[in-house]
Structure formats: structure tokens, C-alpha cells
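One structure is given here, and the rest of the page talks about it.
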Amino acid sequence: MTQFLAMGGYAWYVWMSYGAVALVVAAEIVAVRARMRRARANARVATAAAAPPAPRFDPARSL
Amino acid sequence: MNWFKYASPASFYPLAGRIAHVCAWLAAILTAVGLYLAFVVAPTDATQGESYRIIFIHVPTAWMAMFIYLVMALWSALALGFNTRLSAMMAQALAPTGALMAFLALWTGAFWGRPAWGTYWAWDARMTSTLILLFLYLGVMALRQAITDVRRADRACAVLSLVGAINVPIIYFSVRWWNTLHQGATVSLTSAPKMAATMLAGMLVMALAAWAYAIAVALTRARAIMLEREAGAAWTRLAAGVAL
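For the record, the sequence lines run as chains A and B. Under the numbering used here, the first residue of the first sequence is numbered 13, with each subsequent residue one higher. Under the numbering used here, the first residue of the second sequence is numbered -6, with each subsequent residue one higher.
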């Protein structure tokens, strides 16, 4: 395992490369999912605002 | 089949969700297989030792950086030509992923260049044109942020994307046109690859993983953009998961 991590003396270069890719990919996934959640929540509020108000039940007028 | 059916966000939204879901799983599986090939199966390079293993992420990210730009330019052309709102949303969704791919191509290239050439950075033709690619992506994203009116931002970004597309063939052919530090193409459609079969297999699997990842993440972002822009429209009521 130690030998594998040492990468034949190139550990700094190899792991800085793979580490950066892992970090960026993880960050993008988290950011996109968060954006999706925000967009969903916002769309819910907006549709609620756009929807016409529910008619109130008025027994006197239903007669 | 009527392709224009999917030019409407209302009908493309669920389809994009299904494609993104499949591609996300594909990306995970291909990455696992690709990393296994890259670190376990592929042998140590005779001249570069283990440092060459950066190729398995450097080449896929560099390919994606160029390819995503071309796809973004294509959607931009469709947005300008047909004035379909979804085309502009797709172009908008691709820019951040393309920028990240360009950044990673430069970053991994720097960490490969140091052991291979003795320097993290040189003003070499391919590196410089790839840096310009990153700036083009950032420019498109900044331009969108700078214009409040969405439709005007769409048109401005589309024009900038199309003009910048000239940079992609410059990157691709830079190693042929100029006598430069970066090596020539290792893999091309016209000649046999100049590398061991297992190395090539690992690189291609990682490239497919990058494709699947880019499709999944860009389509998910496109879905978010569809909801953001069309919030209040009747179809988003269902899409956002509200039973009314």
C-alpha cells in the first residue's frame, strides 16, 4: 500500500492531479444538486403564487 | 419522430432527468473500471515511470474541455437560428462544466509537465490556447451574469460562444502547426495508437466516464435552469413535485 501511494517517487504529481479532479467533481456534483433543490423550492413558491386563490365556501351564496 | 417536441422545456425536463440518471450510473461504473485499469492493469511506463498515470485524467478532461465547447457553440447556433429557448438553456448549462474541464486539463497538465519536461507551465502553443479556452468559458459565464435580461444574455452569449469556437481547432492542431513543447497526438483516427493496449483501454474508459459525467451533470444543471426560468409556468407545478 505504501509502495502504491509512493507512485515510484511521483506521489506529489500523481495525487495532486487525481486529488484535484476528485475535489472538483465532488464540488460540482454538490453545487448542481443544491441548485436543483433551490430551483425546485422556488418553482413551488412561484406556482403557488401564480395559482388562483381557492374559492371560499359560502353557504349563503350556494343557496 | 418529431424532434421539435423536445425543444419545449415541459417535455424535455422529464426526458433529461431520465438520461441524467442513467449517465450518472454509467459514469460511476466507468470511473471504477477506468481507475482499476489505470492503476492496477496498466504497466509502469519504461521512460516516465508512474508519473505517466496522469494521462488517464489529463486526456479525458482535455478532450471534454474542447468537445463541450463545440457542443455549447452548436446549441448557441441553434438558439440564434431557431430562437428556441431550450437551446440557450443547454448552452448555459454546459459552460460551467466546460470551464471546470478546461481548468482540470491545465492543472493535471501542469503536474505532468513538471516531471516530464521540468516545468509546471510554459507559453507553449497548446497550453496557451487551452488557457484561452478556459478564459472563453469564464467570459461566456461572466457575460451572462452581466446582462439582466435573460433573452438578451442568451443572444450575447451565443455570439461570443460562436466566435470563440475558432479556438478549438487551433488547440487541436496546435501541436502540428507549431513546433511546440507539448507532444503530438497519441491517439488519432487515422493511425495506430502509439501506446500499450492496456494503457489505451484505460484512457478510453476514463474518456467515456468523462462523457457520461459531463452529460449527467450538464443535463441536471439544464433541468435546474428550466425550473429557474419557467418558474410559475403550469408544467413546473408537476415538475417541482406539487400536487394541485
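Where a beta carbon is used, it is the ideal one built from N, C-alpha and C, also for glycine.
Outcome for residue i when other beta-carbon atoms lying within 10 angstroms are tallied against a minimum of 16
i: residue 100 of chain B; result: buried
i: residue 218 of chain B; result: buried
i: residue 236 of chain B; result: Note that residue 236 of chain B has pLDDT 45, beneath the 50 cutoff, so the model's placement of it is unreliable and the number below is only indicative. Exposed, since its Cβ has fewer than 16 Cβ neighbours within 10 Å.
i: residue 75 of chain B; result: exposed
i: residue 176 of chain B; result: exposed
i: residue 47 of chain B; result: buried
i: residue 29 of chain B; result: exposed
i: residue 14 of chain B; result: exposed
i: residue 204 of chain B; result: buried
i: residue 162 of chain B; result: exposed
i: residue 13 of chain A; result: exposed
i: residue 156 of chain B; result: exposed
i: residue 126 of chain B; result: buried
i: residue 16 of chain A; result: exposed
i: residue 113 of chain B; result: exposed
i: residue 33 of chain A; result: buried
i: residue 8 of chain B; result: exposed
i: residue 53 of chain B; result: buried
i: residue 34 of chain B; result: exposed
i: residue 105 of chain B; result: buried
i: residue 195 of chain B; result: buried
i: residue 111 of chain B; result: exposed
i: residue 35 of chain A; result: exposed
i: residue 36 of chain B; result: exposed
i: residue 31 of chain A; result: exposed
DSSP beta-bridge partners of residue i
i: residue 38 of chain B; result: B/42
Spatially closest choice to residue i from the options, by CA coordinates
i: residue 84 of chain B; options: B/6, B/72, B/125; result: B/72
i: residue 107 of chain B; options: A/13, A/14, A/29; result: A/29
i: residue 91 of chain B; options: B/154, B/174, B/190; result: B/154
i: residue 151 of chain B; options: B/199, B/168, B/87; result: B/87
i: residue 69 of chain B; options: B/148, B/169, B/164; result: B/148
i: residue 167 of chain B; options: B/160, B/118, B/146; result: B/118
i: residue 97 of chain B; options: B/50, B/189, B/158; result: B/50
Proximity test, residue i beta-carbon vs the ligand GDP heavy atom, cut-off 7 Å
i: residue 104 of chain B; result: For the structure depicted, the ligand GDP is absent and the ligand set is empty, with no information on it obtainable.
Report yes or no: do the region 139 to 152 of chain B and the region 57 to 64 of chain B share at least 3 C-beta pairs separated by less than 8 Å?
As far as the Cβ criterion goes, the region 139 to 152 of chain B does not touch the region 57 to 64 of chain B, which means the pair count is below three.
Could you pull out every unbroken beta strand (DSSP E) segment of at least 3 residues lying fully inside the region 77 to 117 of chain B, listed in chain order?
none
Report the residue ranges of all beta strand (DSSP E) runs contained in full by the region 188 to 223 of chain B; include only those spanning at least 3 residues, in chain order.
Listed in chain order, there is nothing to give.
Is it the case that the region 16 to 26 of chain B contacts the region 64 to 82 of chain B, given that we only count it when at least three CB pairs across the two stretches are under 8 Å?
no
Do the region 41 to 51 of chain A and the region 213 to 233 of chain B touch if we need at least three Cβ pairs shorter than 8 Å?
yes
If you pair each beta-carbon of the region 129 to 136 of chain B with each one of the region 50 to 63 of chain A, do three or more pairs fall below 8 Å?
no
Taking only runs of the alpha helix (DSSP H) that begin and end inside the region 142 to 171 of chain B, which ones reach a length of at least 4 residues, in chain order?
143 to 157, 160 to 170
Touch test, the region -5 to 6 of chain B against the region 221 to 232 of chain B, Cβ-Cβ under 8 Å, three pairs minimum:
yes
Could you say if the region 37 to 44 of chain B and the region 121 to 130 of chain B meet the contact criterion of at least three C-beta pairs nearer than 8 Å?
Judged by Cβ distances under 8 Å, the region 37 to 44 of chain B makes no contact with the region 121 to 130 of chain B, as fewer than three pairs qualify.
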